[in-house]
Amino acid sequence: MSDAPAAWDDFQREMLDALGHVVYRVQAAEALEDTPLTQAIARAAKTELASLPRLLPLAQLRTPAGKRAVWPQLRALRKAART
């Protein structure tokens, strides 16, 4: 578990539970592996490797479905880099 403060207070958690929502806790992401593929993604996103969001495992990134899943994230990172 993370030591980060909870994003929701007790009342909010109760309301979310009443609405049928599950509250997840964000854990610190592990650093990405420094490979030619992740370096290429970081270059394409115009960002540092350490600031990339958590990606699929490398074996899945090499599949067509994995590549399609990365494009929305990559477009969002490139858009953020322009502003």
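In short: position in the sequence shown from 1, add 661, done, that's the working numbering.
All C-beta atoms, glycine included, are put in the ideal place defined by N, C-alpha and C.
Three-state secondary structure assigned by DSSP to residue i
i	result
L749	Any question about residue 749 goes unanswered here, given that the chain covers just 662 to 744.
E675	helix
V731	helix
R723	coil
L680	coil
S663	Caution is warranted here: a pLDDT of 49 is assigned to S663, below 50, making its placement in the model unreliable, and the coordinate value is therefore given only provisionally. S663 falls in the coil class under three-state DSSP.
L815	Residue 815 is absent from the model: the chain starts at 662 and stops at 744.
K707	coil
Residue i burial status per 10 Å Cβ neighbour count (16 or more: buried)
i	result
A692	exposed
L716	buried
A726	exposed
Same chain, Cβ closer than 7 Å to residue i, five either side skipped, listed in chain order
i	result
V684	W669, R674 and L677
K707	R739 and A742
L710	L693, D695, T699, Q700 and A703
L719	E694, T696 and L698
Top-ranked residue by Cα proximity to residue i, from the options
i	options	result
V731	L698, G681, L680 and H682	L698
R736	T724, E709, A705 and Q700	A705
P733	R723, T744 and P714	P714
Same chain, Cβ closer than 8 Å to residue i, five either side skipped, listed in chain order
i	result
K728	L722
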